[in-house]
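Note sheet for the following structure.
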């Protein structure tokens, strides 16, 4: 009996330089901070649409995440 061996291909994992990654990390970090602000802290006082529109849109999500809002 002969034993068959197969060669596994070399997989090269690309490296992403920090200089190219930093702007994207900053962008998504700021977007995440704005989303967290609107879900957790905004009660309509500083929201762009006046009133409690954003509060009502994310009301159930606030309770799901454990933020009190009443």
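Numbering (my numbering), first residue to last: 4 to 73.
Glycine included, every Cβ here is placed at the ideal spot set by N, Cα and C.
Quantities reported herein were computed from a predicted structural model and do not represent experimental measurements.
Item: Are there three or more Cβ pairs, one per stretch, closer than 8 Å when the region 10 to 17 is compared with the region 30 to 42?; Value: no
Item: On the three-state DSSP scale, how would you describe residue 34?; Value: helix
Item: Using 10 angstroms around the beta-carbon of residue 61, count the other beta-carbons present and answer buried if the total reaches 16, otherwise exposed.; Value: buried
Item: In the structure shown, what three-state DSSP assignment does residue 18 receive?; Value: coil
Item: Tell me whether residue 69 sits in a helix, a strand or coil according to DSSP, three-state version.; Value: coil
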